[in-house]
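There are 2 protein chains.
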Amino acid sequence: MEHRSQMGGNAFLLAQIGAHAAAAFRERVATLDLTPAQAGLLRMLAADPGLSQQAYARRLGTPPSRFVTMVDTLEERGLVERRRGEPDRRSYALHLTEAGTQLFRRVGAVGRAHEDDLCAALDDDERKALHEMLSRIAAQQMLTPGVHPGYRG
Amino acid sequence: MEHRSQMGGNAFLLAQIGAHAAAAFRERVATLDLTPAQAGLLRMLAADPGLSQQAYARRLGTPPSRFVTMVDTLEERGLVERRRGEPDRRSYALHLTEAGTQLFRRVGAVGRAHEDDLCAALDDDERKALHEMLSRIAAQQMLTPGVHPGYRG
DNA sequence: TATTGTTATACTCTATAACTATA
DNA sequence: TATAGTTATAGAGTATAACAATA
Numbered sequence: 001m002e003h004r005s006q007m008g009g010n011a012f013l014l015a016q017i018g019a020h021a022a023a024a025f026r027e028r029v030a031t032l033d034l035t036p037a038q039a040g041l042l043r044m045l046a047a048d049p050g051l052s053q054q055a056y057a058r059r060l061g062t063p064p065s066r067f068v069t070m071v072d073t074l075e076e077r078g079l080v081e082r083r084r085g086e087p088d089r090r091s092y093a094l095h096l097t098e099a100g101t102q103l104f105r106r107v108g109a110v111g112r113a114h115e116d117d118l119c120a121a122l123d124d125d126e127r128k129a130l131h132e133m134l135s136r137i138a139a140q141q142m143l144t145p146g147v148h149p150g151y152r153g
Numbered sequence: 001m002e003h004r005s006q007m008g009g010n011a012f013l014l015a016q017i018g019a020h021a022a023a024a025f026r027e028r029v030a031t032l033d034l035t036p037a038q039a040g041l042l043r044m045l046a047a048d049p050g051l052s053q054q055a056y057a058r059r060l061g062t063p064p065s066r067f068v069t070m071v072d073t074l075e076e077r078g079l080v081e082r083r084r085g086e087p088d089r090r091s092y093a094l095h096l097t098e099a100g101t102q103l104f105r106r107v108g109a110v111g112r113a114h115e116d117d118l119c120a121a122l123d124d125d126e127r128k129a130l131h132e133m134l135s136r137i138a139a140q141q142m143l144t145p146g147v148h149p150g151y152r153g
């Protein structure tokens, strides 16, 4: 009967540190005038461009109505481009503009700094060991790589 | 230049697993008709009873107006009792009732099941190693033990 | 006049559902 | 009639600020 199991268990620490990590990342990308959700969309567009809005919305788990306003904002800022679908003219294919590609590179730099700061208490071997354990937990808990609901806003 | 650093880094995994852990705990305590915030308050009252509402609200980081409605709900359910402050009759001292104490024990059982399920992919030594690393990260990032903003609702 | 607790109001965020245009 | 995208509306959750009682 360990008293600490209530408050200092791994589950609680993971939730606490996870919330902290998400909040810290939010502040960092805010310096680029982006929300975490917008940064995530830029990443998807960089990795897998040209799909329809609904395809991206499904991946992110956001309803279409919300996705539209996200794209609106990024399009107004000249980061994302809507191109009419070729055979099916109801849909739009989304692409990063040159400015969007450049901003995405800066998001990458922000992400690396974030990672490094969060793991400052661990040396290289420990970071690898942590990564291995977290990956196993994520796999066992059936979490999809690349998407987490903390990416909101 | 590791490609994976963007998506599968420790920071991202921690945020993803943390959000998952918080959501899973929310579902579990919902079986006791509690939100995570209410469960956290029961725990505070069990550990440190008799303080004023403002004292607890400050600890939880919630504004007083929100705290009042939380206490209202728990008081209506007979889990928490408000006693007029002794010298200063503006304040109320909060205490768990007998029913509140009993329900809090069930929260503890739920928490242990939650911990065990989340760590199912790790053996005992690994759980200890994980706990040690997470504790060091939390300390280095200056996180207060016992409070995380994911405890909302 | 300051402080504890309370109530009222306004604001943000999100999802549901109605709408339009193409098919 | 069905589907991609859009717009309008309503709901939940939250915080800010006004209020009442006691000090």
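Listed in order, the protein sequences are those of chains A and B.
Per UniProt numbering, residue 1 is the first one in the first sequence, and the count goes up by one each step.
Per UniProt numbering, residue 1 is the first one in the second sequence, and the count goes up by one each step.
The beta carbon of each residue, even a glycine, is placed where N, CA and C say it ideally should be.
If you're wondering where the values come from, they're calculated on a predicted model, not measured in any experiment.
Is residue j closer than 9 Å to residue i when the C-beta atoms are compared?
i             : j      : result
A93/B         : L41/B  : no
residue 163/B : L32/B  : As displayed, chain B neither begins before 1 nor continues past 153, which places residue 163/B out of reach and without an answer.
Q140/B        : A121/A : yes
L118/B        : L130/A : no
L96/B         : A46/B  : yes
A57/A         : R66/A  : yes
G8/B          : P145/A : yes
G111/A        : Q16/B  : no
A11/A         : A21/B  : yes
V29/B         : Q53/B  : no
A109/B        : R77/B  : no
R82/B         : V71/B  : yes
E103/B        : L34/B  : Strictly speaking, residue 103/B in this sequence is Leu, with Glu absent from that position. Contact flag set, yes.
M133/B        : E126/A : yes
For a cutoff of 9 Å on Cβ pairs, would you count residue i as touching chain A?
i      : result
Q38/B  : no
Q140/B : yes
G8/B   : yes
G61/B  : no
H95/B  : no
G100/B : no
L14/B  : yes
E27/B  : no
R127/B : yes
L122/B : yes
L103/B : no
L42/B  : no
L130/B : yes
Mind checking which residues open and close the alpha helix (DSSP H) that includes residue i?
i             : result
A37/A         : 36 to 47
Q102/B        : 98 to 118
T73/A         : 64 to 76
S135/B        : 124 to 140
L14/B         : 10 to 30
residue 154/B : Nothing can be reported for residue 154/B, as the shown portion of chain B is limited to 1 through 153.
residue 174/B : Nothing about residue 174/B can be read from this structure; chain B reaches only from 1 to 153.
Does residue i have its Cβ less than 9 Å from a Cβ in chain B?
i      : result
S52/A  : no
R136/A : yes
E115/A : yes
A55/A  : no
M133/A : yes
L79/A  : no
P49/A  : no
P145/A : yes
A21/A  : yes
A30/A  : no
G18/A  : yes
S5/A   : Confidence at S5/A is low in this model, with a pLDDT of 40, below 50, so its placement is unreliable and the value that follows should be read with caution. Cβ-Cβ to chain B under 9 Å: yes for S5/A.
L118/A : yes
G111/A : yes
A11/A  : yes
Quick check on DSSP: helix, strand or coil for residue i?
i      : result
A93/B  : strand
E86/B  : coil
P145/A : coil
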